[in-house]
Amino acid sequence: MAQLTPFTYRQGSSILHLLDARCKFFAICLVSMSMLSARLPVCLFYFLILLFFLKKAGLKFFTTMGSIKYFLMFLFFIFAARALIVEGEIIFSFHGISITKQGLNEGFLVAFKFFLVMLTGLVFSATTKPSSVKTAVQWFLKPIPFVPEKRVAVMISLSLGFMPIIAQKARDISDAQKARCADLEKNPVKKIIRLVLPLLKKTFLSADNLVLAMESRCYTDDRTDPEFAPSGKEIFFLVCSILISVGLISL
Amino acid sequence: MMPEKIIDIKSVCHTFEDGTIGIKDIFLSFYKGEFIILAGRNGSGKTTLLRHLNGLLLPQSGQILVNGKTVSNHLVQTRKTVGMVFQDPDTQIVGDTVFDEVAFGLENLKFKRHDINEKVTQVLKDLSLYHLKDRNPSTLSGGEKRKVAIAGILVMDPEVIVFDEPFSNLDYPGTLQVLSTIIDLNRSGHTIIIATHDVETVIDTATRIIIMEKGLVKEDGRPCDLVKHLESYGVKEPCSSKFGLGIRPWLN
Numbered sequence: 004m005a006q007l008t009p010f011t012y013r014q015g016s017s018i019l020h021l022l023d024a025r026c027k028f029f030a031i032c033l034v035s036m037s038m039l040s041a042r043l044p045v046c047l048f049y050f051l052i053l054l055f056f057l058k059k060a061g062l063k064f065f066t067t068m069g070s071i072k073y074f075l076m077f078l079f080f081i082f083a084a085r086a087l088i089v090e091g092e093i094i095f096s097f098h099g100i101s102i103t104k105q106g107l108n109e110g111f112l113v114a115f116k117f118f119l120v121m122l123t124g125l126v127f128s129a130t131t132k133p134s135s136v137k138t139a140v141q142w143f144l145k146p147i148p149f150v151p152e153k154r155v156a157v158m159i160s161l162s163l164g165f166m167p168i169i170a171q172k173a174r175d176i177s178d179a180q181k182a183r184c185a186d187l188e189k190n191p192v193k194k195i196i197r198l199v200l201p202l203l204k205k206t207f208l209s210a211d212n213l214v215l216a217m218e219s220r221c222y223t224d225d226r227t228d229p230e231f232a233p234s235g236k237e238i239f240f241l242v243c244s245i246l247i248s249v250g251l252i253s254l
Numbered sequence: 524m525m526p527e528k529i530i531d532i533k534s535v536c537h538t539f540e541d542g543t544i545g546i547k548d549i550f551l552s553f554y555k556g557e558f559i560i561l562a563g564r565n566g567s568g569k570t571t572l573l574r575h576l577n578g579l580l581l582p583q584s585g586q587i588l589v590n591g592k593t594v595s596n597h598l599v600q601t602r603k604t605v606g607m608v609f610q611d612p613d614t615q616i617v618g619d620t621v622f623d624e625v626a627f628g629l630e631n632l633k634f635k636r637h638d639i640n641e642k643v644t645q646v647l648k649d650l651s652l653y654h655l656k657d658r659n660p661s662t663l664s665g666g667e668k669r670k671v672a673i674a675g676i677l678v679m680d681p682e683v684i685v686f687d688e689p690f691s692n693l694d695y696p697g698t699l700q701v702l703s704t705i706i707d708l709n710r711s712g713h714t715i716i717i718a719t720h721d722v723e724t725v726i727d728t729a730t731r732i733i734i735m736e737k738g739l740v741k742e743d744g745r746p747c748d749l750v751k752h753l754e755s756y757g758v759k760e761p762c763s764s765k766f767g768l769g770i771r772p773w774l775n
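Chains as they are written, first to last, in our numbering: chain U, 4 to 254; chain S, 524 to 775.
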């Protein structure tokens, strides 16, 4: 049985689960863009809203943080880079490398904004079925000429659906290697190569099998159109999203 | 009365790009309502033959007719008539819920949404999967996943259902679940073709056994006549037969 990743859809009946995916898509685009010019207090307020939705989506905050620890490390690098690069009032200096107060503030704000965008995406993917994501993408791409919206939508849906399977395969390979003392190897590059090569091979084989399975069930781009099931709360949710966006930009 | 012929394979050959012979000069006919075991060791050509029945592979020479129509000229019709359940259910699951997964084939056939909902609901109820309809298929047990894969085929109303190693990686309850589903399908009139190298679970139900080796059909006949030949082709003889008790049912 595959383990659920934080990005996997979880069955539920919260307001986020019931909302039309198009509405959620529009809202996360709007809020994520507004985040660019947001200040720290408003970001903190938005963080509280996200924590509420995270709980509603059935995700535990600390468990989720544990499973995205590599992303958090990436955020730490962003923070450190900003702290070292931005000029201003020097707090600490060592062999010509200085950390400034402005750098720390700016680094924290940028990293925190990235974190919030990622958390928003996580709440979205945990409460939206990949098929609804596909449906929404298809709907948004339809007016754009020369874009095969149905094909793009299926690709997105399959990629989302395959994430947990690839993650499970990576875990299996890693465990199989650990069972043969692979963790004694200290060179990180060798470790990554040992993991990535078999994982790629398995992923391509799985993709081949998936293609066969789809073909055997008469797969075609020209399929029955998806169905939207609005809950009736979309207008309210959109108004709230617009208010949050305005708040993020102007406060 | 002679049963109706559904699939007719005439002198079919398939060689892979690296020169390996997949299947060679196959002549076979499958009839309505049959329960056929396709046995043979790994690499004997079972999967290659099965993939020809569904049009996933096309014969390089020879011809396959499904309900009298050539497979290569009637691919969609063939795939509606011959459904295929793959060995690894994880890699054939396309939908993110059980309901969406089962609906996939009907969406490809451009059924109306209302009809899709109706047919999928019916099939899920028939296979006792309805309570799982909103579950993510990747979180199901092995037996449940395989039943979902069967539902995804069954909803397209096939006459023939082809299974590639349906019991591999299943525990005992999972095997029981899948086996009883397959037997029910055969009783309801579906022709069943199962490729396996472990015949013990299904040999009692089978009406015919075909043994393959190196891409060739070596034996074709009734299970009771061929059961003693199995081990010479790398297929384990059922325990009951080994102990002189003949073919005994695996499922009570």
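Cβ coordinates follow ideal geometry from the N, Cα and C atoms, glycine included.
These numbers were taken from a predicted model, which means no experiment stands behind them.
Judged by DSSP secondary structure, residue 546 of chain S falls within the beta strand (DSSP E) whose first and last residues are 544-554. With contacts defined by Cβ atoms closer than 8 Å, residue 681 of chain S and residue 605 of chain S form a contacting pair. Going by beta carbons, residue 623 of chain S and residue 134 of chain U fall inside the 8 Å limit. Shown here for residue 35 of chain U: same chain residues with a beta carbon closer than 7 Å to its own, the five before and five after excluded, namely 120, 123 in chain order. About 12 Å separates the Cβ atoms of residue 719 of chain S and residue 773 of chain S, ruling out a contact at the 8 Å cut-off. Taking the Cα positions, residue 60 of chain U is about 7 Å away from residue 129 of chain U.
Residue pairing from DSSP places residue 742 of chain S in a beta bridge opposite S:734. For a Cβ distance threshold of 9 Å, residue set 212, 213, 215, 216, 217, 219, 220 of chain U lies close to residue 615 of chain S, ordered along the chain.
The straight-line gap separating the alpha-carbon atoms of residue 529 of chain S and residue 164 of chain U is approximately 36 Å. In the three-state DSSP reduction, residue 722 of chain S falls in the coil class, being neither helix nor strand. Setting aside the 5 residues that flank it on each side, residue 691 of chain S is surrounded in the same chain by 610, each with a C-beta closer than 7 Å to its C-beta; the list follows chain order. Within chain U, 215, 216, 219, 220 have C-beta atoms less than 9 Å from the C-beta of residue 607 of chain S, given in sequence order.
Excluding five sequence positions before and after residue 646 of chain S, the CB atoms of its chain that fall closer than 7 Å to its own CB belong to 625, 674, 677, 678, given in chain order. At a cut-off of 8 Å between C-beta atoms, residue 151 of chain U does not count as an interface residue with respect to chain S. Within the same chain, Cβ atoms closer than 7 Å to the Cβ of residue 49 of chain U are found at 119, 247, 251, the five residues on either side in sequence being excluded. Judged by DSSP in its simplified three-state form, residue 206 of chain U adopts helix.
For residue 102 of chain U, the secondary structure class from DSSP, reduced to helix, strand or coil, is strand. Within chain S, the residues whose beta carbon sits less than 7 Å from that of residue 167 of chain U are 661, listed in sequence order. Along the length of the stretch 672-723 of chain S, whole alpha helix (DSSP H) runs at least 4 residues long occupy 695-710, reported in chain order. Residues of the same chain with a CB within less than 7 Å of the CB of residue 545 of chain S, apart from the 5 flanking positions on each side, are 537, 538, 539, 568, 571, 738 in chain order.
For residue 226 of chain U, the chain S residues whose C-beta falls within less than 7 Å of its own C-beta are 630, 631, 633, listed in chain order.
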